[in-house]
Amino acid sequence: MEQQKKVTTIPASQTRFTSTLITEQKKRRVAGYARVSTDHDDQFTSKENIWTFDGKCELLITIMSSLAQEESRSISENCTWGQRKRFADGKVTVPFKRFLGYDRGPHGELIINDEEAEVIKRIYRLFLQGMTYNGIAKQLTADGVKTPGGKDNWSISTVRSILSNEKYRGDGLLQKTFTVDYLTKKMKVNEGEIPQYYVEGDHEAIITPETFDMVQREIAKRGKGRNYHSGVHLFSSKIRCGQCGSFYGSKVWHSTDKYKKIIWRCNHKYDGGDKCSTPALTDDDIRVTFRNGQEIRA
């Protein structure tokens, strides 16, 4: 039975100003569309039979440049209209050659690739178990798992992208980016300048909606700054300062002599202003306290 999907329009929330001044650099780009040279040396174009520095030809060059610009703008608008019409109709697609977990179906739909789907599930599972983006990337690289682009080395950004991609829960957010300038083809992240479309239930999910939402909450909870999550050590992001609420982090004292030892203290103890008065703890003290706590709970 065909899966029912729901398309929700997210209206634009910002005003766009498209009337920008035409600079000399832009004039030269426009002239390029008419295949007319604008270099400082006088040149003859065999196609148009024009001497570029001939005063009589200056008007002709300007007209040809304007026509070329208008043609380029018209083509760009037609392509943009077609893309946005597909978005409004809720047609979800992905770059299948660089997208992990799905293959292209006979009608362009997303079909689960069982082998790759296991990698996606593993990434979500490891993250919920407390591993960081970097830790997951290192483990996948060590295990010889290929990236979505077929590379050997995983990056933090690739792991983060997979964990935040709504397509793995069976939905699709369309028009995440848009073209700012039809001449330069510059792309920009859509921050409310133009409408977006959220398609629910478009294809079979690899990750359940409940698990996906749990991961998004965990991403938001780890955050940055004082609440930044670290998975470098067993006790990383497990101990909080009782005064400012920041996490404790490990530091090495006397790293170059025989008195070397690992201590834990508030990561923001010396950030300025009022210093936290919470004490530093040794690695051994924390291990003993942790074991005692486990025994009491048992």
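In this text, residue positions in the sequence shown follow our numbering: the first is 2, and each later residue adds one.
Quick reminder that beta carbons are idealized off the backbone N, C-alpha and C, glycines included.
Source: prediction; values computed, not measured.
Ordered along the chain, which non-local residues of its own chain (more than five positions away) have a Cβ less than 6 Å from that of residue i?
i    : result
E117 : L101, G102
V190 : T178
N154 : T142
G106 : I112
Return the bridge partner residues of residue i from the DSSP annotation.
i    : result
G173 : V200
C267 : Y249
L111 : R105
K168 : DSSP lists no partner for K168.
R241 : F248
Compare the Cα-Cα distances from residue i to each of the options and report the closest residue.
i    : options                : result
V120 : G106, H108, G109, A138 : A138
L282 : C242, D272, L129, A143 : C242
S247 : I64, K147, T257, K270  : K270
R85  : L174, Y249, D258       : L174
T10  : V216, D272, E211, E201 : E201
I113 : R288, D203, A143, H255 : D203
H108 : R99, K98, T94, D115    : T94
C267 : K261, F291, I240       : I240
D182 : I157, T81, S256        : T81
Y198 : Q217, Q176, I207, I287 : Q176
K147 : D172, K98, E110        : K98
K92  : D172, S156, C245, S67  : D172
T279 : I287, Q244, R288, E72  : Q244
If you drop the 5 nearest sequence neighbours on each side, which residues of the same chain put their C-beta closer than 8 Å to that of residue i?
i    : result
Q140 : L127, M132
A13  : G193, E194, I195, P196
T209 : R170
S77  : T180, Y183
L129 : T212, M215, V216, E219
Looking at the structure shown, is residue i part of a helix, part of a strand, or coil, going by DSSP?
i    : result
L282 : strand
Y134 : helix
F100 : coil
T63  : helix
D182 : strand
K187 : strand
V8   : strand
W254 : strand
K86  : helix
K122 : helix
K262 : strand
I157 : helix
E71  : helix
I163 : helix
C277 : coil
T94  : coil
T142 : helix
I207 : coil
T148 : coil
T21  : Because T21 sits at a pLDDT of 48, beneath the cut-off of 50, its placement in the model cannot be relied upon, and the point is left open.
A13  : coil
D214 : helix
I195 : coil
Go through its chain and collect everything with a Cβ distance to residue i's Cβ below 7 Å, but skip five positions before and after it.
i    : result
I124 : I137, V160, I163, L164
T212 : Y125
Quick check on residue i - is its C-beta less than 8 Å from some C-beta in chain C?
i   : result
K86 : Structure shown: chain C not included; a single protein chain is present.
Cβ contact check for the stretch 180 to 189 and the stretch 209 to 223: 3 or more pairs under 8 Å: The stretch 180 to 189 is not in contact with the stretch 209 to 223.
contact_flag[the stretch 157 to 171, the stretch 69 to 87] where n(CB pairs < 8 Å) is 3 or more: Touching, no, given that fewer than three Cβ pairs across the two stretches are closer than 8 Å.
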